[in-house]
Structure formats: structure tokens, C-alpha cells
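Numbering-wise, the working numbering comes out as the position in the sequence shown, counting from 1, plus 1. Everything below concerns the one structure shown next.
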Amino acid sequence: MSAVSPRLRAAVVAAAFALASAAVPVAHAQAEVPVLVGRVNDYADLLPSDAEAALEARLKALEDETGAQVVVLTVPSLAGDPIEDFSIRVVEQWKLGRADADDGVLIVVAAEDRALRIEVGYGLEPVLTDLRSRRIISEIMVPRFRDGDFAGGITAGADAVAAVIRGQELPAPAPAAPDGLREGLIGLLFMLVWLTLAGGIVGWLVTAALTPVVFWIVETVAAGYGWLGVVLWWLAVAVLRRVMRGPMARGRRMRSGWPDTFGRGGFGGFSGGSRGGFGGFSGGGGSFGGGGASGRW
């Protein structure tokens with residue numbers, strides 16, 4: 002076999018290199034981080050001048066009161082970037098919040114991408130949690146954005162963030178019961194009546210299996226269905242006490258009874274800890290770690 006000429010070998014290597022280079026995707030240019038000009042940076046022109054001035058004043062009042070720095074940024078487009086990547090690059094460059102408190106918040110809205118995000122500094126993550134940020138986006142901002150009310154959505158979202166920072170809770174979400182849930186509750190009511198009539202070992206066995214389900218359903222819907230939830234709650238308690246008392250009293254199959262706690266103790270919720278205050282604004286230097294939430298409309 003004849004040896005490959007140096008010229009042919011060079012041509013093959015050059016062709017292979019060209020093919021490999023073509024196969025590697027060219028990274029798109031990242032969206033440029035805009036200049037920080039104030040607490041409200043409306044580069045997408047979504048806010049009328051009066052709404053922008055009013056929001057600027059409210060955010061300044063929040064800084065004066067708590068020290069936390071909340072900044073709004075709107076941009077026309079993310080240029081293909083995920084909003085999470087763009088947002089973290091912005092806060093890393095802008096360094097919102099105080100260096101010793103990391104209490105900065107960025108609310109960013111990308112108009113053409115129909116995307117928004119609340120980026121939360123380290124120091125505010127225990128207060129402005131991912132869940133609260135997600136609720137502000139989905140329950141307060143997105144509905145207004147879908148109606149075309151960008152000024153109202155941005156202002157209401159910023160007000161909700163400020164309220165959480167001040168230690169206030171968000172409004173309770175509206176009940177979003179799926180269709181047919183009320184019919185399911187009626188079925189549960191009939192099931193509890195049947196268990197009451199059945200009693201004995203059959204009722205006890207069925208109830209023992211369904212106890213976690215019954216209490217979860219009743220506790221979940223009681224607050225949203227008024228008197229029906231209350232009736233179901235107390236009926237569940239009465240049924241469980243009745244069908245379990247028979248086997249315990251007669252000592253069948255059991256040497257020790259269940260603790261008689263039904264009807265005595267309450268099933269309460271739990272609340273978060275207290276929130277501390279924030280001092281005066283120190284001029285920036287805050288850090289972020291990716292806390293917050295994103296959404297679309």
C-alpha cells in the first residue's frame with residue numbers, strides 16, 4: 002500500500018477540524034445587564050410616568066423604614082437567556098441590599114418573553130421564601146399581566162414583597178376546589194353514616210384503614226366549605242369513637258386500647274417564626290444565592 006502523501010494528510014486533517022468546528026454550537030450572546038438608574042428601571046416602558054414615580058417613592062419609603070432594597074427591572078427581551086440566569090447576573094452586578102444583611106430583592110419582568118422573576122437575597126430568604134415569592138407571582142402579578150395591566154401587576158407585586166418584608170402575611174389564597182369535590186364530600190358523608198350503622202369489628206377494620214384519609218380530607222376542606230366542613234369534622238370524630246370503642250371495651254383481639262384522644266385535642270396549623278427588623282440602607286454590596294421564584298403569563 003502506498004504511503005499517504007503529506008498534502009493529502011493535511012487536507013484530511015483540515016476537513017475533520019472544519020467538521021468538528023461546525024458541529025459545536027455557537028453560544029448566543031447573553032442579554033446585556035442594563036445600568037442601574039434607580040429603584041424602578043423600566044427599560045421595557047411598561048409603566049406610565051406617574052405609576053413609576055409612585056412606585057419609586059414607595060420603594061424608597063421601604064428602604065428608609067426597613068433597610069431592605071427592592072428594585073424593579075423591566076426589559077424588552079432576554080435574548081434567549083433563561084430568566085433565572087439573567088436575573089442572577091443582574092443582582093451579581095448590581096449587588097442589591099446591604100453587604101452585612103444581604104437584604105436585596107429584584108423583581109424582573111421580560112415583556113417579549115412573557116416571563117418574570119423575584120430574586121431574593123440571602124438575608125431575606127427565611128422571610129420572603131420561595132413559596133411566598135411564587136404566590137406573589139401567580140396570585141398577584143400574573144392575573145393582572147394577563148389582563149394587560151402591567152403597571153398594576155408590578156405595583157401590586159412590589160407592594161406584596163414590601164408587606165412580607167415588613168412582617169405581614171399574604172392574603173389567604175382563594176379556594177380552588179376542583180369540580181365534583183362537593184359531590185365527593187356528600188359521598189364521604191354517606192360513608193360515615195354507613196360506618197356508624199355498621200359498627201362492630203367490620204366498621205372498626207374499615208375505619209382503621211380509612212382514618213388517615215378521612216381526617217386529611219375533612220381537615221383540608223373544612224375551612225373552604227363552612228358548615229359542611231364542620232359537620233363532616235364532628236361526624237368523623239363521633240364515628241371513629243363509636244366504631245373503635247366496641248372492640249376496646251370488650252377486649253376483642255386487643256390487650257391494650259387506643260388512647261382516647263379523638264374529640265379532645267385540636268388539629269391546628271403552625272405559624273412561622275417572628276421576623277426581625279432591618280436597619281438603614283447601607284449602600285449595596287448584598288449577595289444572592291438563587292432564592293426566589295419565576296413565572297410566565
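Glycine included, each C-beta is placed from N, C-alpha and C at the ideal position.
Length of the line joining the Cα atoms of residue i and residue j
i	j	result
residue 32	residue 112	14 Å
residue 90	residue 297	20 Å
residue 285	residue 97	5 Å
residue 168	residue 86	29 Å
residue 53	residue 38	13 Å
residue 287	residue 70	9 Å
residue 109	residue 88	7 Å
residue 122	residue 295	15 Å
residue 170	residue 138	15 Å
residue 291	residue 120	7 Å
residue 146	residue 156	11 Å
residue 118	residue 84	7 Å
residue 270	residue 51	Because residue 270 sits at a pLDDT of 33, beneath the cut-off of 50, its placement in the model cannot be relied upon, and the following sentence gives the value as read from the coordinates. Those two C-alpha atoms are separated by around 42 Å.
residue 144	residue 150	9 Å
residue 40	residue 58	9 Å
residue 65	residue 135	26 Å
residue 289	residue 80	23 Å
Nearest to residue i (by Cα), restricted to the options the options
i	options	result
residue 43	157, 146, 63, 152	152
residue 36	93, 59, 52, 55	93
residue 126	106, 48, 158	106
residue 46	34, 62, 65, 78	78
residue 34	51, 73, 149, 95	95
residue 100	84, 120, 81, 124	124
residue 161	149, 128, 102, 147	128
residue 173	83, 141, 65	141
residue 48	163, 164, 289, 154	154
residue 148	102, 41, 115	115
residue 164	102, 133, 143, 144	133
Bridge partners - residue i, DSSP secondary structure assignment
i	result
residue 68	According to DSSP, which records beta bridges pairwise, residue 68 is partnered with nothing at all.
residue 297	116
residue 292	121
residue 286	99
Nearest-angstrom Cβ-Cβ length linking residue i and residue j, presumed shorter than 8 Å
i	j	result
residue 68	residue 104	6 Å
residue 56	residue 73	7 Å
residue 63	residue 166	7 Å
residue 82	residue 293	Going by Cβ atoms, the distance from residue 82 to residue 293 rounds to 16 Å, so no, they are not a contact pair.
(message) Could you tell me which whole beta strand (DSSP E) segments of length 3 or greater appear in the stretch 33–79?
(response) For secondary structure counted as the beta strand (DSSP E) over 3 or more consecutive residues, the stretch 33–79 holds these complete runs in sequence order: 41–43, 70–76.
(message) So within the stretch 94–177, which uninterrupted alpha helix (DSSP H) runs reach at least 4 residues, ignoring any that extend past its ends?
(response) Secondary structure in the stretch 94–177: the alpha helix (DSSP H) runs of 4 residues or longer, each lying completely within the stretch, are 131–136, 143–147, 151–166 in chain order.
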